[in-house]
Every structure is written in structure tokens, then in C-alpha cells.
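Student:
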Amino acid sequence: MPKNSKVTQREHSNEHVTESVADLLAHEEPVDYKRSVLNVTGETWDKQKDGEEELDAENRPAWNSKLQYILAQIGYSVGLGNVWRFPYLCQKNGGGAYLVPYLVLLIIIGLPLFFLELAVGQRIRRGSIGVWNYICPRLGGIGYASCLVCFFVGLYYNVIIGWSIFYFFKSFQYPLPWSECPIVKNGSVAIVETECERSSATTYFWYRETLDISNSISESGGLNWKMTLCLLVAWSLVGLAMIKGIQSSGKVMYFSSLFPYVVLVCFLVRGLLLRGAVDGIMHMFTPKLDKMLDPQVWREAATQVFFALGLGFGGVIAFSSYNKQDNNCHFDATLVSFINFFTSVLATLVVFAVLGFKANIMNEKCVVENAEKILGYLNTNVLSHDLIPPHVNFSHLTAKDYNEMYRVIMTVKEGHFKELGLDACLLEDELNKSVQGTGLAFIAFTEAMTHFPASPFWSVMFFLMLINLGLGSMIGTMSGITTPIIDTFKVRKEVFTVGCCIFAFMVGLIFVQRSGNYFVTMFDDYSATLPLTVVVILENIAVAWIYGTKKFMQELTEMLGFRPYQFYYYTWKYVSPICMAVLMTASIIQLGVSPPGYSAWIREEAAEKFLFYPTWAMAILISLIILASLPLPLVFILRQFHLVSDGSNALSVTYKKGRMMKDISNLEDNDETRFILSKVPSETPSPMPTHRSYLGPGSNSPMEMSSAPNGRYGSGYLLASTPESEL
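Here it is in C-alpha cells:
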């Protein structure tokens, strides 16, 4: 609060202050509420600037329909992680038992925080920078940190779309190019490529044909021109979808959000008809209840909930800011959260139906190969024919017969069994081979599809689905950058969008060199997790503890037309901050316990090998975390010591188009009472016109009180559908 303000004079001196805001309002001449501005600080009213603010609020783009908005939020929240991360976590952490902690944490962390972001975006109608500047200027760095994290994530996320584009175009041929190992000529002799023979056709195609990967992150190897072109196509698609804001991206969402569901349903129907699909699904959902007591399971479930809904990125706030003020965002939050959950379950069914089929294929292959070994040992008298059960027929050997024969040989030849080199060929072992991320999409799933009838069709559908899933998430991620920047700095939408995509493409070239996959892993593991957790904790604190949960609930009541459940009051104020703090602590401990490293593909060994990051890569890794978090303390310091303006130095009452807003600096609740009523609480307030009467903080009037002691530094009375942000 400025030292020369009348409120400060009243609190710190004996000098009599004759007028309060109530007096000023009472003696004010009749005004045109649609055009007039009362400024008690004596500042000159900038009519042109005020008109621009009103025009900006009126002309803010809006969704064409509620369906378009819901599809946009679904397209943003449902992404690649639902398809290749959730099934892996479900398998790793107890099968069906994993759904219990996930659902519990979705309800107590995911849904409340998702609702919070939707509500503040819709209420304030600004991007993330404007929203957090409005709620708490000292925590205005939240918006800038969100933009930086969105930029980091967008850089590598679009590379994954580029990979999918490459596979999509390669799918238009039969047989699929990753179905067989290539033949190379060594003089007059044709032999199978050694790297492929020692791994598999799909693995070879991924690491050598697609990425042409180097042996370590230190070996750059130059640009991979095929991936560079695919990345250019990916950024072009994103730029075209974003060029007109929600007018263009909203239309794209009709296809990019709905098409993945069509593909998933088709794959589920086809998968259930495959031999062995039931084995995969049964393995998937067989609960391992002991896993529910493992804290690591709950940590991973919380992290997945956190990222599945896109919390902290700013995309949720950006999309919500284009809504009408009376939109039921509570319904939206519940609907999108549970659609996200059921999409993950649907994707899990599809993945394990297909992997069950693949496991049966691989198990049969294992049985055939090992049966040939046994026949060789029988012919060379290494094994006696007496060891083979009489009902076993080698020409039609089943997995059950092989397992029986395997146990007999292992029992009789116990001392020399390892020398025989026989495998158990258990279906359970194949199903337990956990794969996630690129390993699932570009190796395991592609290998399974080579065994499908009409495999090119299914491959085209699968990778087109991945492109659309990625594109929907990228539109939301880029909106987390473009919306707040355009709102705050009033740059031209088209120019900024094109410039942002070109700049991101240039920086993204680091991901399409031969060692680029290792940088994708680094950014995926470290650029977002910790900074976003801090961002969401501060968002929660800013609303629940600084702005005030009661005031926020009252505003929601007036905005929605009904009072949200008390459940949200307690989760916002206590449960969510505590859970997020525990998650942040666990993430920090995990970073300390697990040394930063990556899985490198060693060409000579045709196998993956875990390597630690070199010193320079560690410096990049740490810089990513620091840079993404830097706006938080930086903005706080700048505004704490008044090095930049936060709009809190004005005591003003403003009337605009039927709404009134007032900013008061650094007033406690008792100070507000004295300030509004009179010099001392016992005095009678000055008479005020009926249409401007103050009804008190407990009133159910449409006039609302919203204070942010550490943020907007005061209390505002809003009769409005759109609050103004002083940025």
C-alpha cells in the first residue's frame, strides 16, 4: 500500500481523514455506469486504454459449441501417455490392483486441481500469465514457468509425432518394411544383416532404419535427414492447426479427438478375435493385492494422474478462458477426468489383447526352436529317448507337451542341464516382459501387427491414431504458450504462432541428430516433472491460502449458479497441497537415489545398455530444471521489492458496462470493515445510494468480495461476468 494513501494515514497517524471510499461514493454525482471511471488516486483516466481493455474482453474468441470445447479438453488430456504409459504402469504395479490407487488419487488430487484450473481460467478469462498475475502478482512467475515447461515439452513431443509420421508413410507397403530382416551382400554371398539377426526385425528397423542411432549421447553423428523432414511436417501441422487460434484448432479437434476412439474400438474388436488375446487381458487384470501397500506404486499413480490431465501446463486454463462465464466447468472437470480414465483402461485392454496374441506367437516360436534342439540331442544320443513321454508328437508339439518334456529333462539332467541351453518357453514370461513408451509403440506393437491379416491397414490406422493423439496434446501444449503471451503482450496471433513454430523447429534439430533419442529421453525424464509439481503446488496455495478458499467458493457459487461440494473446499485447502508436497519430496528423493542415465543402443552388441550421463549432459539436465523453475523466485523478488509494477499501487473504483471493481492494498479483514464503513467501526457510515449499498461479506448478493492479501493486495467488489486483470 502506498505510504501516502488515506488508509495508511488513518492507521499510522492521528491526522483526521475526512473522506472514505464510502463517502466518495455517497457524494458522487450521478454517472453513466457504462462509460464512467471513478479514480480516487487522482490518476488521469486513459480513455483509449480503457476502451481497448473493454474491446479486448468483448472480442475474446469463444468456442463455437460446448462439444468443441469438451473435445478440445479431451484431445489435450488424452495423449500418448494413455496408450503407452498407463498399460505399462498397470502391468508393473499389480495389474487390476493398480486401478485402485489410481482412481483414489484421481478423485482426491486430479479432479479437484483440474476443476481449479478450469474455474480460474473461465472466471478471469486470461491465459496462465494473466490468471496468476490477477490472483497473486507475487506468484505471477507461475504463468511464465508454465510457458517454459510447455516449450520444453513441445520440443520433444513433436519429435514423437515426427516418428509416427515416418512410420505412417512406411506402412503403405506389403509386406511391412519391419516384418523381415534386410539381406546384405558380402561379395557374392547374401547374408542377413548381423545387427538385425542378433535382435529382431522391428528392433532393427526402429534403431537403425528410423533413428540411425549412435552408441551414446556423446556421439552426435550429424542430422538424420529423414527425421528432420518428418519434424518439419509435424511442426507445419501444428502451425496450421494453431494459426487462427481456437477458430482453427477447434475444428481440428473434431477429428483429432474422436478418431483415436474409433481406432481403439476397432483394435479392441480385432484384438479380441486374435488367438491368445484373452491370456493377455487376464494377465493384465489379475490383481496382485500386495502391490497396493508399496509406496512406489502410489507415487507412480500420482505422477500419472498429474500428467494425464495436463495439470500445470497452462493448456487447461487457456482452453477454459474462451468459455462463457456461466459455463458449468464442474461438470466439464468431472466428465473429462473420467473420460481420460476410461480411455486409459480402453487402451490397456487393446494393448494387452494384442500383446497376448504376440506372446502366444513368440511362445510357439520358442517351443519350435527348442524342440529342434531336443531332436538334435536325441539324434546324437546326448539325451535318451526314454526321457520323452510316449504321447509327445514332435510334428504337432504343444506348449503343454513341451513344458512336461522340459521338466523331465531338467530333473534327470540336473547337473548338466544348463549346458543344453534349453528355454522354459513359459507364456507367463512373455507376458511379463514390460514395455512402455517408444518400446511399446514402435517395437512391440509393430511386431504384433506384422502377424495381423491385412497388416498394412492396421499399421496405417495405428500410426494415424498416434499422430492424432499427439496433435491434440500439442495443440493444448502450444495454447499454454500462445494464449498467455498474446493476452499479456498483445502480439499478433498469426505472427507469434508462426514465429514460435519456426523457432521450436530450429531448436528441435537437437532431437533429430543420430543421438537425438537420448535427448528426448533426457527432456522427458527431467524437464517437466519437478518444475510442474512446484507450479501446481503454488497454484493450489495461491487460490486456497492467499486468495482464500471461502472467497473462491463464493465466486464459484455466483459463477456456476450452485455451490460446489464441500469436498472441494477441504481438498483444495488441505488434501491436495499435502499430497502434492509428498509427491514433490518423493520425486526429489527418486532423483537423488536413481543416478541420471539412459538406455543406449550399442550397435556392435545389438542390445541396450544403461549409461550414465556425461558431465556436460548433466549440466544441461540441471539447467533444464533450474530454467523452468527460475521465473517463480525471479518474479517474486522483482515484485516483492517493487522493481516491476504489479498494479497494486492504485486505489481505484471502476465502473465498466454494469460492473464495479475496486482494488485496496494490504488490508486485513478488520481494516476492510473500518475502511468501508467509517474511520472507526462504531461510527455510522455515510449515506449511500441504494444501488451502490454495501451488503457485507456474508451477503448473497451478486456483488462479490474477492481478496488476495498477498496477491491482488486487497478486496474487490465485482458485479460482472469478466474481471479485469491488471498486468
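Number 217 in the working numbering belongs to position 217 of the sequence shown; there are no gaps in the numbering.
Think of the CB as a built atom: it goes at the ideal place given N, C-alpha and C, for glycine as much as any other residue.
1. CB residue 479 to CB residue 318, shorter than 7 Å?
2. Could you please give the first and the last residue of the uninterrupted beta strand (DSSP E) stretch that includes residue 607?
3. Relative to the C-alpha of residue 245, which candidate in 526, 580, 442, 493 has its C-alpha closest?
4. Among 200, 506, 409, 415, whose alpha-carbon lies nearest the alpha-carbon of residue 387?
5. Per the contact definition of three or more C-beta pairs closer than 8 Å, is the region 348 to 367 in contact with the region 253 to 269?
6. How would you label residue 332, buried or exposed, when you count the other beta carbons within 10 angstroms and need 16 or more for buried?
7. Going by the DSSP bridge assignment, what does residue 601 pair with across the sheet?
8. Which one of 160, 300, 542 has the shortest CA to CA distance from residue 141?
9. Just to check my reading of the structure: residue 94 and residue 287 have Cβ atoms closer than 8 Å, yes? What is that Cβ distance to the nearest angstrom?
10. What's the call for residue 96, buried or exposed, on a 16-neighbour Cβ count within 10 Å?
11. With DSSP run on the structure shown, which of helix, strand or coil describes residue 383?
12. According to DSSP, simplified to helix, strand and coil, what is residue 62?
13. Between the region 136 to 151 and the region 624 to 642, do three or more beta carbon pairs fall short of 8 Å?
14. Among residues of its own chain, excluding the 5 on either side of residue 283, which ones have a beta-carbon nearer than 6 Å to its beta-carbon?
15. Buried or exposed, going by whether 16 or more other CB atoms sit within 10 Å of the CB of residue 610?
16. With DSSP collapsed to three states, give me the class of residue 190.
17. Among 545, 555, 340, 157, which one has its Cα closest to the Cα of residue 119?
18. In whole angstroms, what is the alpha-carbon distance linking residue 108 and residue 75?
19. Tell me whether residue 262 sits in a helix, a strand or coil according to DSSP, three-state version.
20. Closer than 6 Å by C-beta to residue 143: which residues in its own chain qualify, once you throw out the five before and the five after it? Chain order, please.
21. Within the same chain, show all residues whose beta-carbon is closer than 8 Å to that of residue 393, passing over the 5 residues directly before and after it, in chain order.
22. By DSSP, does residue 491 sit in helix, in strand, or in coil?
23. Is DSSP giving residue 243 helix, strand or coil here?
24. According to the Cβ coordinates, are residue 207 and residue 196 closer than 7 Å?
25. I'd like the list of long-range same chain contacts for residue 230, defined as Cβ closer than 6 Å, with 5 residues on each side in sequence excluded.
26. Identify every residue that forms a DSSP beta bridge with residue 184.
27. Drop a sphere of 10 angstroms on the beta-carbon of residue 256, count the other beta-carbons inside from all chains shown, and report buried for 16 or more, exposed for fewer.
28. Looking at C-alpha atoms only, which residue of 446, 106, 156, 175 is the closest neighbour of residue 509?
29. List in chain order: all unbroken beta strand (DSSP E) runs of 3+ residues lying wholly within the region 613 to 650.
30. Please report the residue range of the alpha helix (DSSP H) in which residue 279 lies.
31. Using CA coordinates, which residue listed in 68, 105, 77, 91 is at the minimum distance from residue 583?
32. Quick one: complete alpha helix (DSSP H) runs, 4+ long, within the region 136 to 222?
33. For residue 613, which residues in the same chain have their Cβ closer than 8 Å to its Cβ, ignoring the five residues on either side in sequence?
34. For the alpha helix (DSSP H) holding residue 509, just list the boundary residues, first then last.
35. Roughly how many angstroms separate the alpha carbons of residue 285 and residue 367, rounded to a whole number?
36. Alpha carbon to alpha carbon, what distance is there between residue 181 and residue 191?
Tutor: In this structure, then:
1. Contact flag set, yes.
2. From DSSP, the beta strand (DSSP E) with residue 607 extends over 607 to 612.
3. Out of 526, 580, 442, 493, 493 has the C-alpha closest to the C-alpha of residue 245.
4. Distance check between residue 387 and each of 200, 506, 409, 415 places 409 closest, using alpha-carbon atoms only.
5. For the pair of segments examined, the region 253 to 269 was found to touch the region 348 to 367: the number of CB pairs separated by less than 8 Å reaches three.
6. By the 10 Å Cβ count, residue 332 comes out buried.
7. DSSP output for residue 601 lists 608 as bridge partner(s).
8. Residue 542 is the option with its Cα nearest to residue 141.
9. Contact holds; Cβ gap of about 6 Å.
10. Classification for residue 96: exposed.
11. Residue 383: coil per DSSP, three-state reduction.
12. When DSSP states are grouped into helix, strand and coil, residue 62 belongs to the coil group.
13. These segments touch.
14. Only 431 meet the Cβ criterion.
15. Under a 10 Å Cβ-count criterion, residue 610 is classified as exposed, with fewer than 16 other Cβ atoms of the shown protein chains found around its own Cβ.
16. Secondary structure at residue 190: strand, using DSSP grouped into helix, strand and coil.
17. For residue 119, the nearest C-alpha among the options comes from 555.
18. Looking at the two C-alpha atoms, the distance is approximately 23 Å.
19. Residue 262: helix per DSSP, three-state reduction.
20. Within the same chain, and ignoring the five residues on either side of residue 143 in sequence, the residues whose Cβ sits closer than 6 Å to its Cβ are 128, 129, 132, 484.
21. Excluding residues within five positions, the ones whose Cβ falls inside 8 Å are 401.
22. For residue 491, the secondary structure class from DSSP, reduced to helix, strand or coil, is coil.
23. Coil at residue 243, not helix or strand.
24. No; because the gap between Cβ atoms is not below 7 Å, this pair is not in contact.
25. Here the set comprises 162, 165, 166.
26. According to the DSSP secondary-structure assignment, residue 184 is paired through a beta bridge with 191.
27. Per the 10 Å Cβ criterion, buried.
28. Checked all of 446, 106, 156, 175; the closest Cα to residue 509 is 156.
29. Secondary structure in the region 613 to 650: no beta strand (DSSP E) run of 3 residues or longer lies completely within the stretch.
30. Residue 279 -> alpha helix (DSSP H) spans 277 to 285.
31. Comparing Cα positions, the closest option is 105.
32. Segments of the alpha helix (DSSP H) lying fully in the region 136 to 222: 141 to 170, 194 to 198, 201 to 204.
33. Answer for residue 613: 217, 522, 596, 597, 598, 621, listed in chain order.
34. Counting along the chain, residue 509 falls outside any alpha helix (DSSP H), and DSSP gives it neither H nor E.
35. Computed Cα separation, rounded: 26 Å.
36. Spanning the two alpha carbons is a distance of roughly 10 Å.
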